[in-house]
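Residues -27 to -1, 1 to 91 (mature numbering (1 follows the signal peptide of the UniProt record, and there is no 0)) are what the sequence shown spells out, left to right.
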Amino acid sequence: MKASMRTAAAGAVGIAVLALTAPAARAVGENTGEATGVMCGTDGASGLMVGAARAGDCTTALRVASAYTRSWNSGGEAATTVRAAGSVWSCREQPGTLNPYQECVEADGSGRRVILMS
C-alpha cells in the first residue's frame, strides 16, 4: 500500500514538472520549414490549425483563415485573394517538408503571414 502511494506521488510530481516546463504557446512551422510562430487555434470550417508570427496577431489570423476557407480555391496552387481584418491577403498552398500547407500573406507588403496546416 505504501509503495503504491509513493509511486502515485512520484507520478503526480512528474506530471507537475512537465506541465510547468511546457511552452505556453505551441510553435508552428516545424513541419513547413517556415519561421516558428504561435498556434492561434483552429479554423471552424476546415479544422486546420491556424498560426501567426506573434500571439498579438491571432485575432487577425483567425479572421483571415475564416475568410480564406469560405472562398477556398481547391484548384491547388492557384492564389486566392481575400479581404479580412481590414486588409487584402493573398493565399495559396505551399509545399511543406512533410505535408503541404496553406499560407496567406498581407498584400500591402507588411510581411504579416497566416499559416493553416493539419
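Every residue gets a Cβ at the ideal spot worked out from N, C-alpha and C, and that includes glycine.
Residue i: first and last residue of the uninterrupted beta strand (DSSP E) it sits in
i, result
"alanine 40", "Careful: alanine 40 lies outside any beta strand (DSSP E), inside the alpha helix (DSSP H) at 31 to 43."
"arginine 27", "Careful: arginine 27 lies outside any beta strand (DSSP E) and carries neither H nor E."
"threonine 15", "10 to 15"
Test item: CB-CB of residue i and residue j under 8 Å
i, j, result
"cysteine 13", "alanine 34", "yes"
"valine 61", "threonine 54", "yes"
"arginine 36", "alanine 18", "no"
Exposed unless 16 or more other CB atoms sit within 10 angstroms - verdict on residue i
i, result
"arginine 81", "In the sequence as presented, arginine is not what sits at residue 81; that position holds aspartate. Burial call: exposed."
"glycine 24", "buried"
"glycine 10", "buried"
Residues bridged to residue i [DSSP beta-bridge criterion]
i, result
"cysteine 77", "Cys64 and Val87"
"alanine 57", "Ser60"
heavy atom of the ligand GDP below 7 Å from residue i C-beta
i, result
"threonine 15", "This structure does not include the ligand GDP; it has no bound ligands of any sort."
_the segment 76 to 89 in contact with the segment 17 to 31 per 3-pair CB rule at 8 Å_ = Contact holds between the segment 76 to 89 and the segment 17 to 31, because three or more Cβ pairs, one in each stretch, are under 8 Å apart.
*Can we say the segment 38 to 45 touches the segment 61 to 81, given the rule of at least three CB pairs closer than 8 Å?*
Taking a cut-off of 8 Å on C-beta distances, the segment 38 to 45 touches the segment 61 to 81, as three or more cross pairs fall below it.
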